[in-house]
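Trainee: Before I ask anything, here is the structure I am working with.
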Amino acid sequence: WSYLRFGVEIDEVDDHKELMMQAGDNWSVVEAFSGEPGFVVHPPVGKWVIAAGEYLFGVDPFGWRIAIAILGIAAVVMTARIVRRLTRSDALGTIAGLLLALDGIHIVLSRTALLDLVLGFWILAGFGLLLVDRDRTRQRLADDVRRHGADRVAAGLGPFLGWRPWRIAAIVMFGLACGTKWSGIWFLAAFMAMSLVWDALARRAIGVDHPWSAAFARDLPLAAASTLVIGIGVYLLTWTGWFATGTGWSRTWAAGQGASVVPDPLRSLWHYHSEMWNFHTNLDAEHNYASSPLSWPFMTRPTSFYYESPDGCGADSCSSTVLAVGNPIIWWAAVLAVPYQLWRWIAAKDWRSSAIIVGIAAGWLPWMLYLDRTIFTFYTVVYVPFVVMAVTLTLGAIARGLRHRPRWVPALLIGGYVLAVVLAAWWFYPIWSAEVITYDAWRARMWLPTWI
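Numbering of the sequence shown is given in this note's numbering, commencing with residue 4 and proceeding in unit increments.
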């Protein structure tokens, strides 16, 4: 709402929620703000996404959630398409999309106006674009070999790989991810490094004698330059509202700090970022639903977003809750599937497995640096698609391992697993969506005591 009115965060008055709900079509003139700049500790992109929904559909629960829901649906489609590209299998692509659509973390965050699903959307889009870049680059090299012969194309360091619009588009996506939450930078670094490895392997495939040296000399400089220039440029553009107004927090800070060769707006933005950094690094307040990232794969401490005990369920005691817990049939299978994909990367040199592991690692491992901070299981939403990919590719490996058996055997195993996921989603949906159910029904869905 503040973004639509002022382009930046402005502090609200005490009764702003009531004023907002009463505003209706008059939201643009209702005085629900104090006029003082608000200090907010995440960049603007995710808030602009939420604001877009409010602009189109109104400042109400539907308006501030619809944009996130659309991105959640789009992520399901992208995951299906990405797995189709990875495996060339329509069936596995369909399974991957279905698994993501039936995961509790993804469902809950798609229905909630938080930044994390927006972050995950940009990351998934960037990953998909890098896959397209990989395929197009290899196709271009194959065409060159066909036209000119392998000896000529692979001579010396091999060819320049030319214009890379799909990689540039991926960098834009990762820049938007960083403009949503800073944790996007881990994915930018990890996936761009992975893309360079793909370049080296493409050079090796056409017979370049020293593919790693060639990639270092031919591909790294341009990739690094484009990542820095485009990534930083996109990130700064996400702060356009802050630059364009004089009312944002710390916007005029530099004016009182003496002269400098650095423009005042950039100095002020740097000061803002230093304060954001201080907030994040010192965040250690206790929270009942804080969790260690070591527990995330097992879903032992999900985040409760909401709990009430209303009437209307036909019993003496009723419950209505939103619990951001992943579908156990997916996540507990991933406890085996992810190590298997890691083994596939190391032992079989499977590039698809490596890509999935890189995505999971970039979303999970950095949190190990902050074990003393207040963090939550729902942060996993940014790498849930990669968890789903690990499970799906493992299902594909099981099917290949049973290819000499009657076709009904792998179909029964994989179909049985997918059915179990569907049944689990049906069972848990009431606690993902705040349905009013009996207390006993709620208690039956608390499979672990740590879920309460």
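For each residue, glycine too, the CB sits at the ideal point set by N, CA and C.
Since this is a predicted model, take the numbers as computed values, not measurements.
Can we say the region 404–418 touches the region 307–326, given the rule of at least three CB pairs closer than 8 Å?
Mentor: no
Trainee: Go to T90, then tell me how far its beta strand (DSSP E) extends in each direction, as first and last residue.
Mentor: As a first step, residue 90 is located in the sequence shown; it is residue number 87 there, counting from the start. That residue, T90, is in no beta strand (DSSP E); its alpha helix (DSSP H) goes P64 to T90.
Trainee: Return helix, strand or coil for D146, following the three-state DSSP convention.
Mentor: If you number the sequence shown from 1, residue 146 lands on position 143. When DSSP states are grouped into helix, strand and coil, D146 belongs to the helix group.
Trainee: In angstroms, rounded to a whole number, what distance separates the CA positions of V43 and E12?
Mentor: The sequence position of residue 43 within the sequence shown is 40, counting from 1. The sequence position of residue 12 within the sequence shown is 9, counting from 1. Between V43 and E12, the C-alpha separation is close to 7 Å.
Trainee: Name, in chain order, the residues that DSSP records as bridge partners for L415.
Mentor: As a first step, residue 415 must be located in the sequence shown, where it is residue number 412. Beta-bridge analysis with DSSP links L415 to no other residue.
Trainee: Measure the alpha-carbon distance for M371 versus L127 and round it to whole angstroms.
Mentor: Here residue 371 refers to the residue found at position 368 when the sequence shown is read from its first residue. Here residue 127 refers to the residue found at position 124 when the sequence shown is read from its first residue. So the alpha carbons of these two residues sit roughly 22 Å apart.
Trainee: Identify, in the order they occur along the chain, each residue of the same chain with its Cβ nearer than 7 Å to the Cβ of P305, setting aside the five sequence neighbours on each side.
Mentor: The count along the sequence shown starts at 1 and reaches residue 305 at position 302. Once the five neighbours on either side are set aside, the close Cβ partners of P305 are L326, A327, V328, T380 and W454.
Trainee: I'd like the ranges of any alpha helix (DSSP H) spanning at least 4 consecutive residues and lying wholly in the region 308–364.
Mentor: Listed in chain order, the complete alpha helix (DSSP H) runs (minimum 4 residues) inside the region 308–364 are 331–351.
Trainee: In or out: R406 buried (at least 16 other Cβ within 10 Å) or exposed?
Mentor: Taking the sequence shown and counting its residues from 1, the one referred to as residue 406 is at position 403. Taking a 10 Å sphere around the C-beta of R406, we find fewer than 16 other C-beta atoms and assign the residue as exposed.
Trainee: Am I right that S113 and I71 are in contact with their C-beta atoms under 8 Å? What's the rounded C-beta distance?
Mentor: The residue given as residue 113 occupies position 110 in the sequence shown. The residue given as residue 71 occupies position 68 in the sequence shown. Confirmed, about 6 Å.
Trainee: Can you grab the Cα-Cα spacing for the pair H151 / F389, in whole Å?
Mentor: As a first step, residue 151 is located in the sequence shown; it is residue number 148 there, counting from the start. As a first step, residue 389 is located in the sequence shown; it is residue number 386 there, counting from the start. Their backbone Cα atoms lie some 39 Å apart in a straight line.
Trainee: If you draw a straight line from the C-alpha of A99 to the C-alpha of D136, how long is it?
Mentor: Reading the sequence shown from its first residue, position 96 is the one you call residue 99. Reading the sequence shown from its first residue, position 133 is the one you call residue 136. The alpha-carbon atoms of A99 and D136 are separated by roughly 22 Å.
Trainee: What alpha helix (DSSP H) runs, 4 residues minimum, are completely inside the region 104–190?
Mentor: Listed in chain order, the complete alpha helix (DSSP H) runs (minimum 4 residues) inside the region 104–190 are 107–113, 119–151, 153–156 and 168–181.
Trainee: Does the Cβ-Cβ distance between L102 and I349 come in under 8 Å?
Mentor: Translated into the one-based positions of the sequence shown, residue 102 becomes position 99. Translated into the one-based positions of the sequence shown, residue 349 becomes position 346. Not closer than 8 Å, so no.
Trainee: Do you know offhand how far A288's Cα is from R376's?
Mentor: By 1-based counting over the sequence shown, the position of residue 288 is 285. By 1-based counting over the sequence shown, the position of residue 376 is 373. Their Cα atoms are separated by approximately 8 Å.
Trainee: Is the Cβ-Cβ distance between V394 and A337 less than 8 Å?
Mentor: On the sequence shown, residue 394 is found 391 positions in, with the first residue counted as 1. On the sequence shown, residue 337 is found 334 positions in, with the first residue counted as 1. Pairing V394 with A337 gives a Cβ-Cβ distance under 8 Å.
Trainee: When you measure from the CB of G251 to every non-hydrogen atom of the ligand HEM, does any distance come out below 7 Å?
Mentor: In the structure on display, the ligand HEM does not appear, and there are no ligands present to speak of.
Trainee: By Cβ distance below 6 Å, which residues in the same chain neighbour L89 in space, the five residues on each side in sequence not counted?
Mentor: Taking the first residue of the sequence shown as position 1, residue 89 is located at position 86. Excluding residues within five positions, the ones whose Cβ falls inside 6 Å are R355.
Trainee: Does DSSP put P369 in a helix, a strand or coil?
Mentor: Translated into the one-based positions of the sequence shown, residue 369 becomes position 366. P369: helix per DSSP, three-state reduction.
Trainee: If you draw a straight line from the alpha carbon of L132 to that of L117, how long is it in whole angstroms?
Mentor: For the purposes of this step, residue 132 is identified with residue 129 of the sequence shown, where counting begins at 1. For the purposes of this step, residue 117 is identified with residue 114 of the sequence shown, where counting begins at 1. The straight-line gap from Cα to Cα measures roughly 25 Å.
Trainee: Along the beta strand (DSSP E) that carries I13, what are the first and last residues, could you check?
Mentor: In the sequence shown, counting from the first residue as 1, residue 13 sits at position 10. That run of the beta strand (DSSP E) goes I13 to E15.
Trainee: Quick one: Cα of D267 to Cα of F246, how far?
Mentor: Along the sequence shown, read from residue 1 onward, the residue named residue 267 stands at position 264. Along the sequence shown, read from residue 1 onward, the residue named residue 246 stands at position 243. D267 and F246: Cα-Cα distance of roughly 11 Å.
Trainee: Is DSSP giving E39 helix, strand or coil here?
Mentor: Walking along the sequence shown from the start, residue 39 turns up at place 36. Looking at E39 - three-state DSSP - the assignment turns out to be strand.
Trainee: Taking contact to mean 3 or more Cβ pairs, one atom from each stretch, closer than 8 Å, check whether the region 154–171 and the region 204–218 are in contact.
Mentor: yes
Trainee: D202 and A220: beta carbons closer than 8 Å?
Mentor: Taking the sequence shown and counting its residues from 1, one reaches residue 202 at position 199. Taking the sequence shown and counting its residues from 1, one reaches residue 220 at position 217. No, these two residues do not count as a Cβ contact at 8 Å.
Trainee: Using three-state DSSP, classify I440 as helix, strand or coil.
Mentor: Taking the first residue of the sequence shown as position 1, residue 440 is located at position 437. I440 falls in the strand class under three-state DSSP.
Trainee: For a test of the three-state rule: what should DSSP assign to T250, helix, strand or coil?
Mentor: Counted from its first residue, the sequence shown places residue 250 at position 247. Correct three-state label for T250: coil.
Trainee: Would you kindly work out how many angstroms separate the C-alpha atoms of G75 and A157, rounded to a whole number?
Mentor: Here residue 75 refers to the residue found at position 72 when the sequence shown is read from its first residue. Here residue 157 refers to the residue found at position 154 when the sequence shown is read from its first residue. Whole-angstrom Cα-Cα distance: 43 Å.
Trainee: Could you tell me the distance, in whole angstroms, from the CA atom of G249 to the CA atom of P47?
Mentor: Translated into positions along the sequence shown, residue 249 becomes position 246. Translated into positions along the sequence shown, residue 47 becomes position 44. Annotation: G249 to P47 spans about 16 Å, alpha carbon to alpha carbon.
Trainee: Classify T230 as helix, strand or coil using the three-state DSSP reduction.
Mentor: Walking along the sequence shown from the start, residue 230 turns up at place 227. Judged by DSSP in its simplified three-state form, T230 adopts helix.
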